[in-house]
Amino acid sequence: MALKGIDIFKLTPKKNCKECGSPTCMAFAMKVAQGSADISACPYMSDEAKAQLSEATAPPMKTIKVGAGECEHTLGGETVLYRHEATFVQRPLFGVCLCQDCVDEKLEKTLKVDYERIGEREYVEVFYLTYRGDKDAYVELVKKTQGKGRLLVLDCKDVDAAAAALEVCGAEKPILNGATPENYQAMCELATKCGVVLGAHI
Ligand code: SF4
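Quick note: the sequence shown uses our numbering, first residue 30, plus one each step.
Below, the structure written as structure tokens:
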């Protein structure tokens, strides 16, 4: 069960030393309760308190790494499903949906949107590649979008086509969004073999 800030505060060392980046132990406890700070930021927390807190304060959504190299992103770690409930821990990524029919026109335009705003780079970080039933055309689509510094998401429920696309991706580690109640065993095997994160159509 989630602990309240006051419960977490009771387990802090109460030194108010600021080494965790918060002005007081109480402020730190409130941040931990909200999910915006990790208990490991306090170097003086006892092992007993850590053991008690790590389970109780773990976010219900697991934190995962996706992609590789410059396309690597951290997802999850959230305590809520919707933005209006609380601030997301991870900033949502911008994505564009591409398929064999639109890639030539949309890819060029998408790559032009790349600028800096208040110190942050604004650009499309994700290419969501939709399978249209033609394996060869899908592999071509993947090739066209590779090497552009974007995380690829393979939207493909066909196991053979997904395997061919993953072979082309190599070490880029895309997300494979293709499991269904009918194919999940084969998709799980494929994702495990290729070391990629698997998403499901439910
Ligand atoms: S580092 Fe620990 S003891 Fe120091 S203020 Fe933060 S929570 Fe309190």
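All residues carry an ideal CB built from backbone N, CA and C; glycine is no exception.
Cβ shell of residue i (< 6 Å), same chain only, five flanking positions each side left out
i, result
"H230", "T209"
"A70", "C49"
"Q175", "none"
Check whether residue i and residue j have beta carbons under 7 Å apart
i, j, result
"V182", "N212", "no"
"G96", "A58", "no"
"V155", "L136", "no"
"H114", "M90", "The sequence shown places Glu at residue 114, not His. No, the pair does not count as a contact, with Cβ atoms beyond the cut-off."
"Y160", "A192", "no"
"L40", "A87", "no"
"E99", "G228", "no"
"A62", "I37", "yes"
"L82", "I93", "no"
"V132", "K172", "no"
"A80", "L32", "no"
"Q129", "L170", "yes"
Buried/exposed call for residue i, threshold 16 Cβ in 10 Å
i, result
"Q119", "exposed"
"A194", "buried"
"D184", "buried"
"Y167", "buried"
"K202", "buried"
"T139", "buried"
"A200", "exposed"
"I147", "exposed"
"L127", "buried"
"G162", "exposed"
"L110", "exposed"
Whole-angstrom C-beta distance between residue j and residue i, which should lie under 8 Å
i, j, result
"D143", "Y152", "4 Å"
"A215", "V197", "No, A215 and V197 are not in contact; Cβ-Cβ is about 19 Å, not under 8 Å."
Contact set for residue i: own chain, Cβ-Cβ below 7 Å, skip 5 residues either direction
i, result
"K43", "C54"
"P72", "E48"
"F117", "E107"
Residues near residue i in its chain [Cβ-Cβ closer than 8 Å; skip 5 each side]
i, result
"A66", "C49, G50, S51, F57 and K60"
"R150", "D143 and Y144"
"G224", "K202"
"M74", "L40, T41, P42, I68 and L82"
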